[in-house]
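Colleague:
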Ligand code: 9MR
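In mature numbering (1 follows the signal peptide of the UniProt record, and there is no 0), the protein residues as written are -47 to -1, 1 to 413.
(1) Can you grab the Cα-Cα spacing for the pair residue 159 / residue 317, in whole Å?
(2) In three-state terms, what does DSSP make of residue 332?
(3) Residue 200 and residue 222 - do their beta-carbons sit closer together than 8 Å?
(4) Taking 7 Å as the limit between beta carbons, can you name the residues of its chain near residue 389, skipping five residues before and five after?
(5) Could you tell me which residues DSSP pairs with residue 324 in its beta bridges?
(6) By DSSP, does residue 230 sit in helix, in strand, or in coil?
(7) Assuming the contact rule is C-beta atoms closer than 8 Å, residue 92 and residue 100 should be a hit. Round their C-beta distance to whole Å, please.
(8) Which residues, in chain order, sit with a beta-carbon under 7 Å away from any heavy atom of ligand 1?
(9) What residue range does the beta strand (DSSP E) around residue 40 cover?
(10) Going by C-alpha to C-alpha distance, which of 10, 3 and 395 sits closest to residue 257?
(11) Short check: CB of residue 58 to CB of residue 39, under 8 Å?
(12) Use the C-beta contact count for residue 116: other C-beta atoms within 10 angstroms, 16 or more gives buried, fewer gives exposed.
(13) Determine whether the beta carbon atoms of residue 313 and residue 338 lie at a separation below 8 Å.
(14) Tell me residue 76's beta-bridge partners as DSSP assigns them.
(15) So, are the CB atoms of residue 401 and residue 379 less than 8 Å apart?
(16) Relative to the C-alpha of residue 79, which residue among 102, 89, 113 and 98 is closest?
(17) Please specify which runs of the alpha helix (DSSP H), each continuous and at least 4 residues long, are wholly inside the segment 148 to 193, giving them in chain order.
(18) Buried or exposed: which applies to residue 54, given that a residue is buried once 16 or more other Cβ atoms fall within 10 Å of its Cβ?
(19) Thinking C-beta only, is residue 21 closer than 8 Å to residue 62?
(20) Please classify residue 126: is it buried, with 16 or more other beta-carbons within 10 angstroms of its beta-carbon, or exposed?
(21) Measure the C-alpha to C-alpha separation of residue 220 and residue 328 and round it to an integer number of angstroms.
(22) Helix, strand or coil: how does DSSP classify residue 198 here?
(23) Measuring alpha carbon to alpha carbon, tell me which of 202, 32, 349 and 211 ends up nearest residue 225.
(24) Thinking residue 165 and residue 121 are a contact (beta carbons under 8 Å), I'd like their distance in whole angstroms, please.
(25) Is the segment 124 to 143 close to the segment 81 to 92, with three or more CB pairs under 8 Å?
(26) At 3 residues or longer, what runs of the beta strand (DSSP E) sit wholly inside the segment 101 to 140?
(27) Would you kindly work out how many angstroms separate the C-alpha atoms of residue 413 and residue 204, rounded to a whole number?
(28) Hey, could you find the ends of the beta strand (DSSP E) residue 16 is sitting in?
(29) Near residue 275, what residues of its chain come up, given a Cβ to Cβ distance below 8 Å and the 5 sequence neighbours on each side ignored?
Listed below in structure tokens is the structure:
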């Protein structure tokens, strides 16, 4: 999108008699600069507070997946330390990282993350003990009896090493197939030990660290579907038979092919109703701008609506180190700048320093979407600030003899001269924090091709 202030000089103010136009220009300039990210002029006050502190106020943690290799990068560490109250080692606790060779345990990288977390008062999610992926070849080569003992030894050794330091463990990860079958996924554990391997892993884990919360973690289980139904049936069975399980993790990796399901909250709730906590464990949502922000806000609101949803972890600190970095799925960009998605999350958590939601505000930006001899189409993008809004108002001033001949996606009123159009929403007044909408119009130029001037955006 072309921002108005990048498309050339704004029209100069005319002398005194055109005071209304002058005012529009001055306000318009401020509004346009605000959209360029010049925060000094950004009208809505930047919400104070952090993700971690706002989540704490809601009785929850807000975490990030962390890689030990970036703990020496100052932007990474300062963002992590400022915003997050929980960490999950992204790869460092996986089987191939801690026991690449049988019975030789290497905890160095994971230890660095855990001690960093401890020194900052952050909790730790342990990820993960039994998973078909990132599994060293020697495990897959074992016969059933040996595999059983290697699995139990691995669980016991890793959990004892971190006893008292890990709040919740993903004991078993991704043990179910995608698709409609509801079947278990083929893996060395499944294929050689049968369905009972999950129960055995949980019983071993309980014995190794009785205080740790024990979770089952999976993806594509975020809505009600055959896969989540299969996990649900397993958890229900575990609870009925007294197999130790405390929590279910919903990875929540979303993109346009796999959007936030409409029954996300209902799905979290049905698991919670089985008597387990639920956690959003690997959240990322590909996209950008308002659509991404809205989706993030919806996820946070779903967790907050479920009392047993005890925390949210995003799968990384910055887009640049995300496993899906080209999809820019996280809350901070590659320069650790907060994205609209960040504002949406903070607003949904009620974080504004005052505990009552962010400042209702909005900003506007302009682009010309079509141009022809005698006219052009303009589009204004209205973006909510760090709190949701239910309405917005902005002005568009054209230069006589220009006339606006058509508008869409907005409800206009006019000044008597007909050159100042005040635009309000038609259907599109409700915006989540950080979310955007657009309206458009056609200008007949009558010889003057000056771009229109936007006023400031006022939110309600
Ligand atoms: O983000 C992790 C990436 O760095 C690893 O290369 C990958 C290897 O399998 O694992 C990624 O994390 C996965 C997590 O452990 C389990 N759920 C899916 C995650 C994304 O692939």
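Glycine included, every Cβ here is placed at the ideal spot set by N, Cα and C.
Modeller: According to the structure shown:
(1) 54 Å
(2) Strand, per DSSP.
(3) no
(4) 242, 243, 334, 335 and 336
(5) 329
(6) strand
(7) A Cβ-Cβ distance of about 7 Å is found for the pair residue 92 and residue 100, placing them in contact under the 8 Å criterion.
(8) 18, 43, 44, 47, 80, 81, 86, 87, 126, 127, 172, 204, 206, 235, 268 and 276
(9) 39 to 42
(10) 10
(11) No. Outside cutoff.
(12) exposed
(13) With respect to the 8 Å criterion, residue 313 and residue 338 are classified as neighbours on the basis of their beta carbons.
(14) 39
(15) no
(16) 113
(17) 149 to 161
(18) Exposed is the call here.
(19) yes
(20) buried
(21) 51 Å
(22) coil
(23) 202
(24) Indeed, because the Cβ distance is near 7 Å, the residues count as touching under 8 Å.
(25) Touching, yes.
(26) 121 to 126
(27) Computed Cα separation, rounded: 35 Å.
(28) 14 to 19
(29) 237, 268, 269, 281, 282 and 283
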